[in-house]
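Notes follow the structure.
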Amino acid sequence: MILGIPDPWVLSGYLLVILSTLLCVIYGIINWNKGDDDGFIDEE
Amino acid sequence: MDFTILAIVFSIYFIAVGYVGYLAWKRTKSSEEFMVAGRKTNPYIMAISYGATFISTAAIVGFGGVAGQFGLSLLWLVFLNIFVGIFIAFIFFGKRTRKMGHNLKSLTFPEFLSQRFNSKFIQYFSGGIIFFGMPIYASVVLIGAARFMETSLSLNFHVALIILAIIVSAYVIFGGLRGVMYTDALQGSIMLAGMAFLLIFTYWILGGVTEAHTALTNLAPHFPASAQALGGAGWTTFPDLGSPFWWSLVSTIIIGVGIGVLAQPQLAVRFMTVKSDKELNRAVLIGGIFIALIPGTAYIVGSLSNVYFFDKIGQISLNAPGVLENVDKIIPTFINSALPEWFIYIFLLTLLAAAMSTLSSQFHAQGTSLGRDIYETLKKKKNAESVSLTRVGILVGVAFSFVLSLILPGSVVAQGTALFYGICAAAFLSVYICALYWKRATREGAIAGIVSGLGVSLFWLIFIFGKTAKGLGICQFLTGQPMLIQTMPFSSIDAIIIAVPISFIFTIVVSLLTKPMNKEDIDKAYKGIGSNESKTGGK
Numbered sequence: 195m196i197l198g199i200p201d202p203w204v205l206s207g208y209l210l211v212i213l214s215t216l217l218c219v220i221y222g223i224i225n226w227n228k229g230d231d232d233g234f235i236d237e238e
Numbered sequence: 006m007d008f009t010i011l012a013i014v015f016s017i018y019f020i021a022v023g024y025v026g027y028l029a030w031k032r033t034k035s036s037e038e039f040m041v042a043g044r045k046t047n048p049y050i051m052a053i054s055y056g057a058t059f060i061s062t063a064a065i066v067g068f069g070g071v072a073g074q075f076g077l078s079l080l081w082l083v084f085l086n087i088f089v090g091i092f093i094a095f096i097f098f099g100k101r102t103r104k105m106g107h108n109l110k111s112l113t114f115p116e117f118l119s120q121r122f123n124s125k126f127i128q129y130f131s132g133g134i135i136f137f138g139m140p141i142y143a144s145v146v147l148i149g150a151a152r153f154m155e156t157s158l159s160l161n162f163h164v165a166l167i168i169l170a171i172i173v174s175a176y177v178i179f180g181g182l183r184g185v186m187y188t189d190a191l192q193g194s195i196m197l198a199g200m201a202f203l204l205i206f207t208y209w210i211l212g213g214v215t216e217a218h219t220a221l222t223n224l225a226p227h228f229p230a231s232a233q234a235l236g237g238a239g240w241t242t243f244p245d246l247g248s249p250f251w252w253s254l255v256s257t258i259i260i261g262v263g264i265g266v267l268a269q270p271q272l273a274v275r276f277m278t279v280k281s282d283k284e285l286n287r288a289v290l291i292g293g294i295f296i297a298l299i300p301g302t303a304y305i306v307g308s309l310s311n312v313y314f315f316d317k318i319g320q321i322s323l324n325a326p327g328v329l330e331n332v333d334k335i336i337p338t339f340i341n342s343a344l345p346e347w348f349i350y351i352f353l354l355t356l357l358a359a360a361m362s363t364l365s366s367q368f369h370a371q372g373t374s375l376g377r378d379i380y381e382t383l384k385k386k387k388n389a390e391s392v393s394l395t396r397v398g399i400l401v402g403v404a405f406s407f408v409l410s411l412i413l414p415g416s417v418v419a420q421g422t423a424l425f426y427g428i429c430a431a432a433f434l435s436v437y438i439c440a441l442y443w444k445r446a447t448r449e450g451a452i453a454g455i456v457s458g459l460g461v462s463l464f465w466l467i468f469i470f471g472k473t474a475k476g477l478g479i480c481q482f483l484t485g486q487p488m489l490i491q492t493m494p495f496s497s498i499d500a501i502i503i504a505v506p507i508s509f510i511f512t513i514v515v516s517l518l519t520k521p522m523n524k525e526d527i528d529k530a531y532k533g534i535g536s537n538e539s540k541t542g543g544k
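What follows is the structure, given as structure tokens:
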């Protein structure tokens, strides 16, 4: 039994919360300075 | 609890909110500033504001209580909230919405759809859906916050409602979306700190992560009979496949709230408040952590409260004194019994912040719908008095929500949110996706998608879906039966599962049957997007 949760569906829900958070964190770090130069919002 | 300390904590909080609201008001002059915060928002403010708007007190107290009854299977909802509500939403919806919204100079979500499809009807019809639908959700948020103040402060429920409505509408009316987002960032930061402490403390008093979960697993024989009858088997077990609880969990909560979030007008408008994709990239990181910590903590702590109460008094949460089978009271009762006294003040502030941050955006969205999308569009007088009309719209919206929160039945906290998310997803999701990704979609297709999605979802909610059909009582009144189809699983399937695909079919088929839109209009909307994407973008 991993993390005290016997049911694989519930355990995967718990782990997916952690993994999806890591996905957001890693995406944010990798792209921290990207997307700045598309010049879209300029003074009107 | 010492009311003097609470009064001091609250006073400091209100002064801080007032000051932040004042800063926003000073910087808000034009309608672009009032409605999309001037399009230059900092990524931290944008992400925290998005998260704090998304997660209300209802999500903490209501769903946290539901987790106390049904268990950790609800964490699937948190996963979808992060993956769909943040990751997919920001990257695949946010970036295009920002560019297109700027190309079209849209100030509200209905205006965005209306200008993309060149249809005034879309603007006032969508504005109408938001203006009349939002109060259901807003009143549920008001009720959630007022209930907590009732429990903790022994305050009269109606007094709590009035205080909340007045304070929030004040800074929304003066500060516009900038006021909403600045105060959201402050409130969201309080929520982050409060919920992080609650999670760590709960695991700590129960002896650690694995120990706490194991104890919860071992409590399965005491799983409430009410939850067992619906197909649940324990707090760490997924419900039986095909049981009413399984359908309810999978369809209403996971799909309704998890996927429905993509078409939330008050969230989508935030994509138009930042300057470039860089802010959205950074916001993904902040938003992901925010959503994991806030609802994640609520569901874990709600479930684990059973272990605490069973250790202390030999009862599960639902039967604990003070809860008495009212799931909305599980989280507050746990906080009052298990946490140190000083935390009760912080937590009360956290819930107040959660409610106010959601309410402010709801009121703002209602106001812009009535002022900008409905009144100005029908009067054909754009920009003349947008800000003052929107302010009047906010006042009307607040009054509408307030009245609803007085008459809605008591145990609607968890359902009301899913209901509004469902209606929005049904009406807007297919058209929003086509607006962003399908150039062949036409005005007629978009109108067919919105109208069919709304029609089917309302029909399903009033006549088929058990919980809402029984609650509303319209079906009973018209046909003499609580719902049209009594057999399972129809009465447990949320409207979104039926209405969204139908709306997609209407959007696509009608678009293909009608004349493609003018190429110049499409090029204008898609400037700098997809194959035209260029580093210089364009003025």
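These protein sequence lines map, in sequence, to chains A and B.
The opening residue of the first sequence carries number 195 in my numbering; numbering runs sequentially from there.
The opening residue of the second sequence carries number 6 in my numbering; numbering runs sequentially from there.
All C-beta atoms in this analysis are idealised placements derived from N, C-alpha and C, irrespective of residue type, glycine included.
Keep in mind that this is a model prediction, so the values were computed, not measured.
Listing by chain order, which chain A residues have their CB less than 8 Å from the CB of residue i?
i, result
"Ile294 of chain B", "Thr215, Cys218, Val219"
"Asn286 of chain B", "Tyr221, Gly222, Asn225, Trp226, Lys228, Gly229"
"Thr222 of chain B", "Met195, Gly198, Ile199, Pro200"
"Thr219 of chain B", "Met195, Gly198"
Is there at least one Cβ from chain A nearer than 8 Å to residue i's Cβ?
i, result
"Gly212 of chain B", "no"
"Ala12 of chain B", "no"
"Gly236 of chain B", "no"
"Ala201 of chain B", "no"
"Gly26 of chain B", "no"
"Thr207 of chain B", "no"
"Phe276 of chain B", "no"
"Leu309 of chain B", "no"
"Ile510 of chain B", "no"
"Phe243 of chain B", "yes"
"Ala297 of chain B", "yes"
"Ile60 of chain B", "no"
"Thr46 of chain B", "no"
"Ile527 of chain B", "no"
"Thr33 of chain B", "no"
"Leu109 of chain B", "no"
"Thr545 of chain B", "The structure shown does not extend to residue 545 of chain B, since chain B is modelled only from 6 through 544, so no value can be given for it."
"Thr447 of chain B", "no"
"Val392 of chain B", "no"
"Leu290 of chain B", "yes"
Does any residue of chain D bring its CB to less than 8 Å from the CB of residue i?
i, result
"Glu216 of chain B", "Given the protein chain composition of this structure (A and B), no chain D is represented."
In terms of DSSP beta bridges, what is residue i paired with?
i, result
"Ile196 of chain A", "A:Ile199"
Indicate whether residue i and residue j have their beta-carbon atoms separated by less than 8 Å.
i, j, result
"Val145 of chain B", "Pro300 of chain B", "no"
"Leu80 of chain B", "Tyr304 of chain B", "yes"
"Gln128 of chain B", "Thr382 of chain B", "yes"
"Pro521 of chain B", "Arg396 of chain B", "no"
"Ile93 of chain B", "Leu424 of chain B", "no"
"Ala360 of chain B", "Ala150 of chain B", "yes"
"Ala474 of chain B", "Ala431 of chain B", "no"
"Leu400 of chain B", "Ile178 of chain B", "yes"
"Phe352 of chain B", "Leu160 of chain B", "no"
"Leu77 of chain B", "Trp251 of chain B", "no"
"Asp201 of chain A", "Phe243 of chain B", "yes"
"Thr102 of chain B", "Phe228 of chain B", "no"
"Leu197 of chain B", "Leu298 of chain B", "yes"
"Ile296 of chain B", "Gly90 of chain B", "yes"
"Ile503 of chain B", "Val456 of chain B", "no"
"Phe470 of chain B", "Gly237 of chain B", "no"
Output, in chain order, the set of chain A residues within a Cβ distance shorter than 9 Å of residue i.
i, result
"Ala94 of chain B", "By Cβ distance, chain A contributes nothing, its closest Cβ being about 11 Å from Ala94 of chain B, past 9 Å."
Using a Cβ cut-off of 7 Å, pull out every chain A residue sitting near residue i, in sequence order please.
i, result
"Gly301 of chain B", "Val211"
"Phe88 of chain B", "Ser214"
"Ile91 of chain B", "Cys218"
Using a C-beta cutoff of 8 Å, does residue i count as contacting chain B?
i, result
"Tyr208 of chain A", "yes"
Taking a Cβ distance cut-off of 9 Å, strictly less, list which residues of the region 67-84 of chain B are near chain A, in chain order. Within the region 67-84 of chain B, those residues whose Cβ lies closer than 9 Å to any Cβ of chain A are, in chain order, Gly76, Leu77, Ser78, Leu79, Leu80, Trp81, Leu82, Val83, Phe84.
Check distances from the C-beta atoms of the region 354-375 of chain B to those of chain A and list, in chain order, the residues that come in under 8 Å. Here the close residues number zero.
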